[in-house]
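K.L.:
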């Protein structure tokens with residue numbers, strides 16, 4: 004048994020989980036699919052259409068389209084914006100998903116040019132944007148900014164950045180993979196945040212905890228073009244109803260809990276603050292997410308995490324992410340249903356055991 008399989012086996016034996024929605028089995032996911040779910044055919048009709056209508060309504064946009072993956076959805080959307088403007092440059096934060104995790108696909112598949120502005124360890128500023136002189140097809144903003152611990156700009160800062168884009172004829176696109184959580188953190192309705200952007204991408208498998216899939220919402224004509232690109236890119240599967248039905252169920256279950264997730268993250272941060280060998284980024288958390296910087300080596304982190312799993316049946320993380328300092332490791336904690344099952348001081352004590 005290799006190390007990854009050993010970690011998976013150990014995780015299955017655990018009964019308590021510190022982050023997300025805990026251990027989910029195929030049986031649990033299938034049980035969530037309503038027995039009266041209506042099939043789609045190649046993305047048309049049935050529960051897929053019902054989900055698209057629901058998301059368009061939630062986001063206050065004229066139309067939405069269901070896409071199997073966020074990678075496909077955002078590339079297709081940005082391609083549409085670029086083609087309409089006769090420009091190729093997409094401006095974003097340096098830690099944008101399209102730049103970090105998609106193997107340069109937007110350039111190789113769509114002839115788009117990603118231009119990172121600002122610093123990777125802080126939010127974008129208007130000064131970062133005004134340094135860009137070339138014509139821009141689209142400004143992509145991620146809310147919250149995952150790679151820096153789920154940070155959010157103020158709504159005033161966000162507004163002036165979007166004004167900068169529109170004054171230059173660029174589209175404004177929201178990477179809202181965690182928009183549900185961001186809206187709760189802003190204490191604003193989700194459609195109020197979505198209204199600031201031309202197009203909005205939302206994920207269903209992250210904070211919502213559904214099967215893979217996402218939607219892009221925007222103007223009717225833009226979404227119609229995204230549908231065409233979905234087909235060209237192989238995303239119009241024969242039947243997408245299981246994923247769409249899962250999304251419908253999880254929207255019902257977890258949208259009402261988003262504010263509780265955010266509040267619990269802030270409460271947990273208070274219980275962790277000042278613990279030896281532990282620092283929070285950001286502090287306090289701005290959404291239901293935070294990064295923990297732990298003064299421990301990578302090997303010792305694994306030993307401590309597996310001790311918790313073996314002796315106390317508590318699952319934390321299989322390993323930590325490295326930092327520039329080998330004596331400091333980083334983990335990402337997103338509060339979900341599993342986190343809510345804990346007494347906060349008890350959870351803080353469990354996390355402190357990692358160092």
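In my numbering, the protein residues as written are 4 to 358. Glycine included, every Cβ here is placed at the ideal spot set by N, Cα and C.
Quick check: the Cα distance between residue 336 and residue 254, rounded to an integer number of angstroms?
P.N.:
If you number the chain shown from 1, residue 336 lands on position 333. If you number the chain shown from 1, residue 254 lands on position 251. Cα to Cα, residue 336 sits roughly 21 Å from residue 254.
K.L.:
If you compare alpha carbons, which of 245, 12, 178, 161 is closest to residue 74?
P.N.:
Within the chain shown, the letter at position 71 stands for residue 74. Among 245, 12, 178, 161, the Cα nearest to that of residue 74 belongs to 178.
K.L.:
Using CA coordinates, which residue listed in 145, 214, 95 is at the minimum distance from residue 184?
P.N.:
Looking up residue 184 in the chain shown gives position 181. Residue 145 is the option with its Cα nearest to residue 184.
K.L.:
Taking residue 178 as part of the beta strand (DSSP E), name the residues at either end of that continuous run.
P.N.:
As a first step, residue 178 must be located in the chain shown, where it is residue number 175. That run of the beta strand (DSSP E) goes 174-179.
K.L.:
Any contact of the region 13-29 with the region 218-234, i.e. 3+ C-beta pairs under 8 Å?
P.N.:
No: the two stretches stay apart, fewer than three of their Cβ pairs being nearer than 8 Å.
K.L.:
Return the residue from the list 300, 313, 339 that minimises the CA-CA distance to residue 329.
P.N.:
Taking the first residue of the chain shown as position 1, residue 329 is located at position 326. The residue with the shortest Cα to Cα distance from residue 329 is 300.
K.L.:
Taking three-plus beta-carbon pairs below 8 Å as touching, is the region 128-142 in contact with the region 256-270?
P.N.:
The region 128-142 vs the region 256-270: no contact.
K.L.:
In chain order, what residues of the same chain have a beta carbon less than 8 Å from the beta carbon of residue 7, not counting five sequence neighbours either side?
P.N.:
Position 4 of the chain shown, counted from the start, is the residue given in the question as residue 7. If we look at residue 7 and ignore the five residues flanking it on each side, its Cβ neighbours are 321.
K.L.:
Counting along the chain, where does the beta strand (DSSP E) carrying residue 69 start and finish?
P.N.:
Here residue 69 is taken as the residue at index 66 of the chain shown, counted from 1. Run containing residue 69: 66-70, per the beta strand (DSSP E) assignment.
K.L.:
Provide the residue(s) that pair with residue 293 in DSSP beta bridges, ordered along the chain.
P.N.:
In the chain shown, residue 293 corresponds to position 290, counting from 1. 336.
K.L.:
Once DSSP output is grouped into helix, strand and coil, what is the label at residue 2?
P.N.:
With the chain covering only 4 through 358, there is no way to say anything about residue 2.
K.L.:
Quick one: using the 10 Å Cβ neighbour count with 16 as the cut-off for buried, is residue 164 buried or exposed?
P.N.:
Within the chain shown, the letter at position 161 stands for residue 164. Classification of residue 164: buried, given that the 10 Å Cβ count is 16 or more.
K.L.:
Closer than 6 Å by C-beta to residue 90: which residues in its own chain qualify, once you throw out the five before and the five after it? Chain order, please.
P.N.:
Walking along the chain shown from the start, residue 90 turns up at place 87. Hits under 6 Å: 138, 140.
K.L.:
Determine the extent of the beta strand (DSSP E) in which residue 145 is found, giving its start and end residues.
P.N.:
Taking the chain shown and counting its residues from 1, one reaches residue 145 at position 142. Element bounds for residue 145: 141-145.
K.L.:
Between the Cα of residue 41 and those of 251, 125, 217, spot the shortest distance and give me the residue it belongs to.
P.N.:
Within the chain shown, the letter at position 38 stands for residue 41. Checking every option, the nearest Cα to that of residue 41 belongs to 251.
K.L.:
Rounded to whole angstroms, what is the Cα-Cα separation between residue 173 and residue 180?
P.N.:
For the purposes of this step, residue 173 is taken as the residue at position 170 of the chain shown. For the purposes of this step, residue 180 is taken as the residue at position 177 of the chain shown. C-alpha separation (whole angstroms): 21 Å.
K.L.:
Looking at the unbroken alpha helix (DSSP H) that takes in residue 51, where does it start and where does it end?
P.N.:
The residue labelled residue 51 in the question sits at position 48 within the chain shown. Segment 49-62, the alpha helix (DSSP H) holding residue 51.
K.L.:
Residue 273 by DSSP, collapsed to three states: which one?
P.N.:
Taking the first residue of the chain shown as position 1, residue 273 is located at position 270. Helix at residue 273.
K.L.:
Quick check on the DSSP output: the alpha helix (DSSP H) that includes residue 313 runs from which residue to which?
P.N.:
Sequence index remark: in the chain shown, residue 313 carries index 310 (1-based). Unbroken alpha helix (DSSP H) run through residue 313: 301-315.
K.L.:
Could you tell me how far apart the beta carbons of residue 61 and residue 193 are, in whole angstroms, since I believe they sit closer than 8 Å?
P.N.:
One-based indexing of the chain shown puts residue 61 at position 58. One-based indexing of the chain shown puts residue 193 at position 190. So it is a contact: roughly 6 Å between Cβ atoms.
K.L.:
Along the chain, where does the beta strand (DSSP E) containing residue 117 start, and where does it finish?
P.N.:
As a first step, residue 117 must be located in the chain shown, where it is residue number 114. Residues 116-119.
K.L.:
Roughly how many angstroms separate the alpha carbons of residue 231 and residue 216, rounded to a whole number?
P.N.:
Taking the chain shown and counting its residues from 1, one reaches residue 231 at position 228. Taking the chain shown and counting its residues from 1, one reaches residue 216 at position 213. Straight-line Cα distance between these residues: approximately 17 Å.
K.L.:
CB residue 357 to CB residue 291, shorter than 8 Å?
P.N.:
Residue mapping note: residue 357 aligns to position 354 of the chain shown, counting from 1. Residue mapping note: residue 291 aligns to position 288 of the chain shown, counting from 1. Against a cut-off of 8 Å, the Cβ pair of residue 291 and residue 357 comes out as no contact.
K.L.:
Does residue 45 come out as helix, strand or coil in the three-state DSSP assignment?
P.N.:
The residue you call residue 45 lines up with position 42 of the chain shown. Coil at residue 45, not helix or strand.
K.L.:
Using CA atoms only, rank isn't needed, just tell me which of 26, 15, 70, 343 is closest to residue 237.
P.N.:
To locate residue 237, count along the chain shown from 1; it is residue 234. Here the closest residue by C-alpha is 70.
K.L.:
At which residues does the beta strand (DSSP E) containing residue 204 begin and terminate?
P.N.:
Counted from its first residue, the chain shown places residue 204 at position 201. 202-206 is the extent of the beta strand (DSSP E) around residue 204.
K.L.:
Does the separation of the CB atoms of residue 294 and residue 284 fall below 8 Å?
P.N.:
In the chain shown, the residue the question calls residue 294 occupies position 291. In the chain shown, the residue the question calls residue 284 occupies position 281. In contact: residue 294 and residue 284 (Cβ atoms closer than 8 Å).
K.L.:
From 67, 288, 315, 334, pick the residue whose C-alpha is nearest to that of residue 155; which is it?
P.N.:
The residue given as residue 155 occupies position 152 in the chain shown. Selected option, being the one with the closest Cα: 288.
K.L.:
Where does the unbroken beta strand (DSSP E) through residue 249 begin, and where does it stop?
P.N.:
Indexing the chain shown from 1 puts residue 249 at position 246. Premise fails: residue 249 lies in the alpha helix (DSSP H), 244-257, not in any beta strand (DSSP E).
K.L.:
Does the beta-carbon of residue 104 have 16 or more other beta-carbons within 10 angstroms, so that it is buried, or is it exposed?
P.N.:
For this step, residue 104 is matched to residue 101 along the chain shown. Burial call: exposed.
K.L.:
Measuring CB to CB, does residue 214 end up less than 8 Å from residue 32?
P.N.:
The sequence position of residue 214 within the chain shown is 211, counting from 1. The sequence position of residue 32 within the chain shown is 29, counting from 1. The answer is yes: Cβ separation under 8 Å.
K.L.:
May I ask you to verify whether the region 81-98 touches the region 107-126, counting CB pairs closer than 8 Å and requiring at least 3?
P.N.:
Yes, they touch.
K.L.:
Between the beta-carbon of residue 119 and the beta-carbon of residue 96, is there less than 8 Å?
P.N.:
The residue labelled residue 119 in the question sits at position 116 within the chain shown. The residue labelled residue 96 in the question sits at position 93 within the chain shown. Their beta carbons are under 8 Å apart, which means residue 119 touches residue 96 by this criterion.
K.L.:
Measure from the alpha carbon of residue 277 to the alpha carbon of each residue in 296, 261, 208, then state which is nearest.
P.N.:
The sequence position of residue 277 within the chain shown is 274, counting from 1. The option with the nearest alpha carbon to residue 277 is 296.
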